[in-house]
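Read top to bottom, the protein sequences are chains A and B. Residue numbering for the first sequence is 214 to 289, as defined by my numbering. Residue numbering for the second sequence is 23 to 676, as defined by my numbering. Using N, Cα and C, we set each Cβ at its ideal position, and we do this for glycine too. Shown next, in structure tokens, is the structure this report addresses.
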Amino acid sequence: MERIALDQVPMNQSMTLLSADVEAPVARRLSALGLRRGAEVSVVQRLSGGGRLVLVAGSRVALAKGVLAAMTVAAA
Amino acid sequence: MSLEHRAPSRSTLSCHGAADAIASADAPVVALAGTPNAGKSTLFNALTGLRVTTGNWPGTTVEVSRGVWRTPRESASGEIALIDLPGAYSLDPMSPDEELTRNLLVSVPRAEAPDVVVVTVDAAHLARSLYLVAQVRESGLRVVVALTMVDVARNQGLDVDAGELAAALGCPVVAIDPRRRRGIDELTGAVLQQVAQPPASPRALPETTDELELADDRFAWIDAAVQRATSDSGQARVNWSDRIDRVVTAPTLGPLVFLVVMWLVFQITTTVAAPLQDALDTFFSGPVSDAVSGGLTSVGLGETWVHGLLVDGLIAGVGMVLTFAPLMALMFVLLALLEDSGYLARAAVVTDRMMRSIGLPGKAFLPLVVGFGCNVPAISATRILGDARQRLLTVLLVPFTSCSARLTVYVMVGTVFFGRAAGTVVFAMYLVSILFVVLVGLVLRKTLWRSMGTEPLVIDLPPYQVPTLRLTAAVAWSRLADFLRRAGGVIVLTVMLVWLFQSIPAQPGAGGFGEVDVEHSAYAVGAKAITPVFEPTGFAAWQTTSALIVGFVAKETVISSWSQTYAVAEPDGSGGGELGARLIQTFHESSGGHPLPAVLALLVFLLAYTPCVATLAAQRREVGLKWTLFGVAVQFTVAYASAVLIFQVGRLFW
């Protein structure tokens with residue numbers, strides 16, 4: 214199972230979130246928005262400012278580049 | 023951030039507030055909870071209409087609304103006391119909002135807790151809306167779930183069955199559409215029914231204290247409920263939001279769209295509001311004043327100080343407050359529209375990187391832009407910032423945005439002293455304004471809030487929706503009334519105080535009370551006493567100081583009061599007229615022959631020192647007296663230091 218950071222994945226490809234190496238408050242925020250271990254995510258758009266728009270469980274979440282780089286996913 | 027020891031309780035619900043927004047003491051108490059963007063506020067508005075008070079919960083910086091939910095059924099009084107808790111994803115106390123929610127629901131003794139908790143659950147984002155429900159279900163409180171956005175979910179291919187969901191969650195689930203007022207009666211019925219019976223047994227928890235395990239257990243429960251209650255609706259996804267976002271958050275188009283929107287906001291709050299404000303101003307200084315004058319004359323009080331007190335004091339003060347009303351109303355409406363439609367979240371994404379460099383989130387751009395029109399609504403606009411510290415920082419920075427009232431002084435003074443270069447001088451003032459915002463922001467962050475984390479951008483983009491005008495109007499009205507009530511008193515009082523000091527004769531023979539001209543009044547005595555402080559700035563003349571004091575009350579009155587102190591007619595049109603000639607003379611004298619640096623010093627001082635009493639009143643409303651005074655200290659320090667620097671360095675060259 215190939216592990217890759219979320220800022221490296223191609224667009225519109227469904228991935229499974231494995232972990233997020235971020236500080237506790239950020240982790241909770243991600244989790245509250247549906248971005249937790251085992252969730253199915255896909256990157257759908259590039260954003261002004263360098264971040265990406267991520268689709269998870271029907272929600273669209275804008276994430277900064279740094280956060281994306283800290284999140285590890287594997288092909289679903 | 024912790025709450026004071028005053029325990030939050032339901033008895034606090036009957037605190038100060040508009041009389042008709044308090045339910046009777048024996049009415050059941052219902053708390054409204056839910057994630058942000060789940061339609062909670064819309065539901066609250068639909069249930070309470072205008073019978074609402076908003077304010078910070080005692081001992082916290084968290085804004086909580088309380089209202090009266092009128093029920094058609096026979097409860098004890100036909101009323102329910104409804105409290106709108108801040109939006110929260112969970113009961114984990116990670117922010118002041120969530121901490122308050124937790125305290126009010128879980129940490130209080132059962133007798134103090136609300137009778138029922140209504141949790142708004144977004145059918146289009148079911149899984150993440152249910153985490154809060156899971157935790158509330160563990161607390162043993164009575165719960166009713168209000169299921170919103172059912173049609174949005176259906177458009178995305180999801181059919182949510184309220185009955186199945188209720189069975190899975192162990193509490194009643196009522197599908198509602200607060201915008202179209204559907205399901206409200208059923209919700210009322212479900213809540214009243216719950217009140218009449220003991221709470222359902224709480225959700226069983228695994229035997230562990232490990233946070234992660236508990237969370238996993240909740241997620242498993244949630245996933246099972248979602249599985250059970252949702253099915254494919256067979257409808258194709260309608261992707262309006264996606265399509266709009268492709269433009270609005272795109273790398274190059276996004277900022278362009280944002281600038282256009284900001285320009286519109288700025289235009290509306292200045293251009294559209296201005297005629298309304300002028301009309302009100304004319305109304306108060308014309309017909310109303312005339313009517314009162316006429317009335318006083320007819321009872322023989324025509325030329326006395328009573329006339330001055332009522333017309334120049336009270337009516338002028340009240341008039342000033344009311345002229346703000348169109349501006350504030352427009353601002354609140356625009357804010358509500360931007361937030362409701364969902365655009366504000368996108369704007370936060372677009373401006374994030376730029377604002378982050380001064381330690382503010384993207385959303386802070388809006389209050390700062392509005393501030394260039396008028397600081398007063400800009401202070402209120404800081405409410406869109408969720409984090410209290412960021413809100414505070416923005417509130418402290420807004421006064422450094424150079425408002426349009428200050429512009430009137432720049433233009434007049436610029437024309438008198440710089441002739442054709444006036445335009446450049448005015449432009450330079452705006453650059454200085456931006457510089458102050460950035461620098462003061464950086465300094466405050468580095469000193470006071472070093473620990474204020476730069477939380478990385480993680481923003482949920484809810485689907486776009488068409489704002490409901492009726493609800494927008496209701497919210498705007500309630501906020502406007504709140505502003506008028508709180509800020510109004512301070513402004514009126516200050517205007518009357520200025521009038522009072524200008525009416526007290528300072529030496530015998532100068533005239534009776536209310537009949538002196540400004541130069542011989544107690545006011546001038548005060549101005550002259552303060553003037554020496556300004557020696558290093560080059561503009562130490564009592565007439566100038568006096569204009570600054572009046573400017574403390576409102577910048578719009580600087581020019582007219584300057585004219586009054588010289589006892590000349592106000593300038594109309596360009597050139598400055600006789601006032602200009604006097605000013606040139608005064609500045610020559612006070613600056614020892616270096617008028618231009620002194621003028622620049624004055625303009626910068628005017629830019630940076632306290633905007634006006636109305637802004638102070640708005641600040642006090644948002645962040646409290648202590649921080650407002652701190653802000654005043656910062657403003658005077660920056661103003662004075664800059665003015666001295668500009669003059670002392672400038673006089674070496676000019």
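Every unbroken stretch of the alpha helix (DSSP H) spanning 4 or more residues and falling wholly within the region 61-147 of chain B is given here in chain order: 62-70, 118-124.
Here the alpha carbon of Glu-541 (chain B) sits roughly 10 Å from the alpha carbon of Lys-550 (chain B). Judged by beta-carbon spacing, Ser-402 (chain B) lies within the 9 Å limit of Arg-501 (chain B), meaning their Cβ atoms are closer than that value. The distance from the Cβ of Gly-263 (chain A) to that of Ala-275 (chain A) is about 11 Å, inconsistent with a contact at the 8 Å cut-off. For Val-182 (chain B), the enclosing beta strand (DSSP E) starts and ends at 180-182. With a 10 Å radius around the Cβ and a threshold of 16 neighbouring Cβ atoms, Met-376 (chain B) comes out exposed. Counting the other Cβ atoms within 10 Å of the Cβ of Phe-449 (chain B) gives fewer than 16, which makes it exposed. By the neighbour-count criterion, in which 16 or more other beta carbons inside 10 Å mark a residue as buried, Lys-62 (chain B) falls on the buried side. For the region 239-258 of chain A, the set of residues with a beta-carbon nearer than 8 Å to any beta-carbon of chain B comprises Val-239, Arg-241, Arg-242, Leu-243, Ser-244, Ala-245, Leu-246, Gly-247, Arg-249, Val-257, Gln-258, in chain order. For Gln-412 (chain B), same chain residues with a beta-carbon under 8 Å away, outside a window of 5 residues either side, are Leu-382, Pro-383, Ala-386, Met-474 in chain order. For Leu-266 (chain A), the chain B residues whose C-beta falls within less than 8 Å of its own C-beta are Asp-267, Thr-271, Leu-483, listed in chain order. In the three-state reduction of the DSSP assignment, Leu-246 (chain A) falls in the coil class, being assigned neither a helical nor a strand state. Taking the Cα of Val-480 (chain B) as reference, the smallest distance to any Cα among A:Asn-225, A:Glu-236, A:Leu-243, A:Ala-237 is reached at A:Leu-243. The three-state secondary structure of Met-228 (chain A), taken from DSSP, is strand. Within the same chain, Cβ atoms closer than 8 Å to the Cβ of Val-248 (chain B) are found at Leu-148, Ala-149, Leu-152, the five residues on either side in sequence being excluded. Taken in chain order, the complete alpha helix (DSSP H) segments of 4 or more residues contained in the region 424-474 of chain B are 426-440, 444-469. Val-321 (chain B) sits in coil when the DSSP states are folded into three classes, being neither helix nor strand. Linking Thr-231 (chain B) to Val-239 (chain A) through their CA atoms gives a straight-line distance of about 22 Å.
For Val-274 (chain A), a Cβ of chain B is located within less than 9 Å of the residue's own Cβ.
Between the C-alpha atoms of Thr-587 (chain B) and Leu-629 (chain B) there is a straight-line separation of about 21 Å. 9 Å or more divides the Cβ of Thr-271 (chain B) from the Cβ of Arg-204 (chain B). Per DSSP, Val-333 (chain B) is not a residue of any beta strand (DSSP E), being assigned neither H nor E. For Pro-277 (chain B), the chain A residues whose C-beta falls within less than 7 Å of its own C-beta are Ser-261, listed in chain order.
At least one CB atom of chain B sits nearer than 9 Å to the CB of Ala-270 (chain A). Excluding residues up to 5 positions away in sequence, Gly-251, Ala-252, Glu-253, Val-254, Val-286, Ala-287, Ala-288, Ala-289 lie with their Cβ nearer than 8 Å to the Cβ of Thr-229 (chain A) in the same chain. Look at Phe-241 (chain B): its C-beta is under 9 Å from a C-beta on chain A.
Proximity of the region 418-425 of chain B to the region 607-614 of chain B falls short of the contact definition, fewer than three beta-carbon pairs being nearer than 8 Å. With a contact defined as Cβ atoms closer than 8 Å, Pro-194 (chain B) and Gln-216 (chain B) qualify at about 7 Å.
Using a Cβ-Cβ cut-off of 9 Å, Ala-277 (chain A) counts as an interface residue toward chain B, since at least one Cβ of chain B sits closer than that to its own. Taking a cut-off of 8 Å for Cβ pairs, the region 319-336 of chain B and the region 355-372 of chain B do not touch, as fewer than three such pairs fall below it. Under a 10 Å Cβ-count criterion, Met-224 (chain A) is classified as exposed, with fewer than 16 other Cβ atoms of the shown protein chains found around its own Cβ. At a C-beta separation below 8 Å, Val-280 (chain A) has these neighbours in chain B: Pro-478, Leu-479, Val-480. Of B:Trp-285, B:Val-355, B:Leu-493, the smallest CA-CA separation from Leu-390 (chain B) is found for B:Trp-285. Judged by DSSP secondary structure, Val-575 (chain B) falls within the alpha helix (DSSP H) whose first and last residues are 564-575. Annotated as proximal: Glu-578 (chain B) and Ala-427 (chain B), with beta-carbon spacing under 9 Å. The Cβ neighbour count for Glu-120 (chain B), taken over all protein chains shown within 10 Å, is at least 16; the residue is labelled buried.
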